[in-house]
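The structure appears right after this line, and notes come after that.
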């Protein structure tokens with residue numbers, strides 16, 4: 001499992017989420033300053049909120065599988081966007097450790113979500129709370145830490 005540092009405001013965001021039945025709302029702190037990436041993050045948050053509202057612990061595996069597949073597909077599209085921006089800006093050459101860690105997080109997320117899909121496909125039950133908690137935690141931490149570094153680099157590289 002990857003060690004992802006927590007953003008200092010994460011506990012405040014978590015508390016707000018718990019009060020709002022697990023919904024995640026766009027916060028100014030989520031903005032990387034790269035409009036395309038920020039817009040895609042908004043879509044991912046909306047998809048996560050929709051998943052949170054649609055599923056429950058009694059949802060059929062087929063419904064969970066559709067939701068998970070949709071998130072995986074859009075995340076793949078989003079990761080491709082970030083990776084293209086990184087490649088086009090020289091991020092891989094100029095910030096190889098950060099870029100490598102960023103790619104590793106994308107791969108780890110895709111691997112874990114693929115594993116969840118396989119578990120669903122084999123008939124295993126997955127807790128809604130566990131699924132949503134994993135997705136929220138990963139997305140928020142990735143945006144607040146890894147994507148912020150990429151955004152800062154892109155702003156200076158294209159500035």
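Residue numbers (UniProt numbering): 1 to 159.
Beta carbons: idealized from backbone N, C-alpha and C, even for Gly.
Asked, Found
"Kindly indicate which three-state DSSP category residue 124 falls into: helix, strand or coil?", "coil"
"What whole-angstrom Cβ distance do residue 44 and residue 86 have, given they're in contact under 8 angstroms?", "Going by Cβ atoms, the distance from residue 44 to residue 86 rounds to 18 angstroms, so no, they are not a contact pair."
"Determine, using beta carbons only, whether residue 71 and residue 51 come nearer to each other than 8 angstroms.", "yes"
"Is it the case that the Cβ atoms of residue 161 and residue 22 are separated by a distance below 8 angstroms?", "Residue 161 is absent from the structure shown; the chain starts at 1 and stops at 159."
"On the three-state DSSP scale, how would you describe residue 56?", "coil"
"Would you call the CB atoms of residue 79 and residue 41 closer than 8 angstroms?", "no"
"For residue 11, which residues of its own chain have a beta-carbon under 8 angstroms away from its beta-carbon, when the five flanking residues on both sides are left out?", "Low confidence applies to residue 11: its pLDDT is 49, below 50, so where it sits in the model is not reliable, and the reading given next is rough at best. So the list is empty, once near-sequence residues are dropped."
"To test your reading of the DSSP string, which unbroken alpha helix (DSSP H) runs of 4 or more residues are found completely within the segment 59–141?", "61–89, 91–94, 96–121 and 128–141"
"Since residue 149 and residue 48 should fall inside the 8 angstroms C-beta cutoff, what is the C-beta to C-beta distance between them, to a whole number of angstroms?", "So it is not a contact: roughly 22 angstroms between Cβ atoms."
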